[in-house]
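If you read the sequence shown in the numbering used here, its first letter stands for residue 2, the second for the next number, and so on. By construction, the Cβ of each residue, glycine as well, lies at the ideal position given by its N, Cα and C atoms.
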Amino acid sequence: MSPTHTIAHEIRNDFGVPFTHRLLFDRDVLNPENPLLDAVFEREDDDAPQSGVIAVVDQGLADARPEIKDAITTRFAASNLPELREVLLVPGGETCKNDPAIIDRILAAIEKHRIDRRSYVAIFGGGAVLDAAGFAASTAHRGVRVVRFASTVLAQLDAAIGVKTGVNRFEKKNFVGTFDVPTAVVCDEAMLESLDVRRWREGFSEAVKIACLQDAAFFESISDAADRIRERDLDAARPIIRRCAKMHLEHIASGGDPFERLEARPLDFGHWSAHRLESMSGFNLSHGEAVAIGICLDSAYSNLVGRLSKAEFDRIIDVMLRLGLPVSHPLLGDDRLVAGLEEFREHLGGRLTITLLDKIGLGAEVHKMELDRVRESIAVLHSIVD
Ligand SMILES: NC(=O)c1ccc[n+]([C@@H]2O[C@H](COP(=O)([O-])OP(=O)(O)OC[C@H]3O[C@@H](n4cnc5c(N)ncnc54)[C@H](O)[C@@H]3O)[C@@H](O)[C@H]2O)c1
Ligand SMILES: [Zn+2]
Numbered sequence: 002m003s004p005t006h007t008i009a010h011e012i013r014n015d016f017g018v019p020f021t022h023r024l025l026f027d028r029d030v031l032n033p034e035n036p037l038l039d040a041v042f043e044r045e046d047d048d049a050p051q052s053g054v055i056a057v058v059d060q061g062l063a064d065a066r067p068e069i070k071d072a073i074t075t076r077f078a079a080s081n082l083p084e085l086r087e088v089l090l091v092p093g094g095e096t097c098k099n100d101p102a103i104i105d106r107i108l109a110a111i112e113k114h115r116i117d118r119r120s121y122v123a124i125f126g127g128g129a130v131l132d133a134a135g136f137a138a139s140t141a142h143r144g145v146r147v148v149r150f151a152s153t154v155l156a157q158l159d160a161a162i163g164v165k166t167g168v169n170r171f172e173k174k175n176f177v178g179t180f181d182v183p184t185a186v187v188c189d190e191a192m193l194e195s196l197d198v199r200r201w202r203e204g205f206s207e208a209v210k211i212a213c214l215q216d217a218a219f220f221e222s223i224s225d226a227a228d229r230i231r232e233r234d235l236d237a238a239r240p241i242i243r244r245c246a247k248m249h250l251e252h253i254a255s256g257g258d259p260f261e262r263l264e265a266r267p268l269d270f271g272h273w274s275a276h277r278l279e280s281m282s283g284f285n286l287s288h289g290e291a292v293a294i295g296i297c298l299d300s301a302y303s304n305l306v307g308r309l310s311k312a313e314f315d316r317i318i319d320v321m322l323r324l325g326l327p328v329s330h331p332l333l334g335d336d337r338l339v340a341g342l343e344e345f346r347e348h349l350g351g352r353l354t355i356t357l358l359d360k361i362g363l364g365a366e367v368h369k370m371e372l373d374r375v376r377e378s379i380a381v382l383h384s385i386v387d
């Protein structure tokens, strides 16, 4: 456009939309005696078409808790809850994010059971099923209501709190997805009891992450509880899970960028390499484990470039090890790892923005990673394990 041209006419109107993001923590929420669901699901007035609900359930959760399907059916039989129209089982873990046919199955169920914008998709599962079924639900009718029942540690303290959904395409994590605020997130601590020990422990890497970025006192609390958490002590884990979830919620609600329009994504500390490690390992490394390694890598780097002290770097490694989490992996030495930096930049758009640590509790953004220093950081981590 020529510099002398002025637009003939512009109409502009800035607007905002208020959202409420609710997290509910309790135990045995499907027990008919527990009234929590009454506070979550609205039933329509008598003269409106009755709202319905379909439940999408993580197969891994259903395998570990065969009673869940009946429990869902029994609980939704209560007259004040929407009508339950199907309980659909979908494969858990990254399989459901990697296979477009599963998204189609969920969409087909939404269509078949006439789930409209006054009806619900209730999703029971780990972060992967919440992401995949949440994606399907957020695109049907441009978004039907979703209630997330988070069934892993990582989901209860992180994945289910995020206001986004995503599935993997072209071997890229979360390449396709939406921003979506659920009606509610329900965290039932009893569901965590059926996790195997690896799944239990891995979720806490995300708690270490947010503590490193924002809150040194929270880091201390995790460090104090680490040995008990490793041994699956729910009483030790409960305050850590709740505080971490609250911090994520506050970041979304008050951080000024819930839909990630800006370049930086501070909560993605340690994630550029984590996402890469997950896909390079064929998803043998889980998200939480990959994040533990990614945090250690970026902490080692922060130390080598003169930001984080060696003593604090050592503390981060110590907490990870006491939580029973990995701090290194042979795939770190694979040249494909650094391609993760460009992939990360592309996902966010704009300049590369990586969060490092100045100290525990204080993140710092940079726009460049020196590859020689990344390799040195990898060598540091390898030497810890050797
Ligand atoms: N949308 C977001 O904001 C966001 C944020 C962080 C992570 N994520 C995504 O979350 C995913 C990781 O989620 P995750 O760590 O919860 O693992 P997951 O969803 O991959 O589940 C791990 C395994 O546990 C099984 N499982 C789930 N609940 C169980 C239970 N109660 N008992 C026994 N087995 C159970 C699943 O079937 C699966 O095999 C990744 O895809 C990651 O990208 C999304
Ligand atoms: Zn994560």
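Ranked by Cα distance from P331, the first of A365, H383 and C297 is H383. At a threshold of 7 angstroms, V292 counts as near ligand 2, since its beta carbon sits closer than that to one of the ligand's heavy atoms.
Put simply, the segment 107-117 touches the segment 137-155. At least three CB pairs are less than 8 angstroms apart. Separation of E344 and R44 (C-alpha to C-alpha, rounded to the nearest whole angstrom) is 44 angstroms. Scanning the segment 317-376 for uninterrupted alpha helix (DSSP H) segments of 4 residues or longer gives 340-349, listed from N- to C-terminal end. Secondary structure note for V91: its beta strand (DSSP E) is the uninterrupted segment E84 to V91. Between the alpha carbons of R149 and F219 lies a distance of about 26 angstroms. N304 and K311 have their C-alpha atoms some 6 angstroms from each other. For S152, the closest alpha carbon among the candidates R316, A63 and G257 is that of A63. With 16 or more other Cβ atoms from the protein chains shown falling within 10 Å of its own Cβ, H252 counts as buried.
In this structure, the CA atom of G257 is about 12 angstroms from the CA atom of P267.
Inclusion of E207 in the 7 angstroms shell around ligand 2 follows from its C-beta lying nearer than that to a non-hydrogen atom of the ligand. Looking at the DSSP output, K165 sits in a beta bridge with F180.
From the listed residues E194, S274 and D189, the smallest Cα separation to L372 is found for S274. At least one heavy atom of ligand 2 falls within 7 angstroms of the beta-carbon of H272. Placement of the Cβ of D132 at a distance of 7 angstroms or more from every heavy atom of ligand 2 is found.
Inter-residue distance for R277 and F260 is about 23 angstroms (C-alpha atoms, whole angstroms). About 20 angstroms separates the beta carbons of S224 and L298, which is beyond the 8 angstroms limit, so they are not a contact pair.
If you ignore the 5 residues before and after V367, its C-beta comes within less than 7 angstroms of the C-beta of I355 and L357, all in its own chain and listed in chain order. Relative to ligand 1, even the nearest heavy atom lies 7 angstroms or more away from the CB of G341.
Non-local C-beta neighbours of S139 in its own chain, meaning closer than 6 angstroms and more than five positions away in sequence, comprise T166, T179 and D181, ordered along the chain. When F26, R66, L90 and L38 are compared, the shortest CA-CA separation from R244 is found for F26.
A contact between stretches requires three or more CB pairs, one per stretch, nearer than 8 angstroms, and the segment 287-294 meets this requirement with the segment 200-216.
A direct Cα-to-Cα measurement between A238 and A191 gives close to 13 angstroms. Note on geometry: alpha-carbon atoms of F125 and F20 lie some 22 angstroms from one another. DSSP places A56 in the uninterrupted beta strand (DSSP E) bounded by G53 to D59. About 12 angstroms separates the beta carbons of I318 and C213, which is beyond the 8 angstroms limit, so they are not a contact pair. Linking V164 to I8 through their CA atoms gives a straight-line distance of about 36 angstroms. When C-alpha distances from D189 are compared across G350, P4 and N35, the shortest belongs to N35. Take the alpha-carbon of F284 and the one of L324: they are about 21 angstroms apart.
Between S222 and I242, the C-beta spacing is not below 8 angstroms. Straight through space, the alpha carbons of T96 and V375 are spaced by roughly 31 angstroms. At least 8 angstroms separates the beta-carbon of A293 from that of L338.
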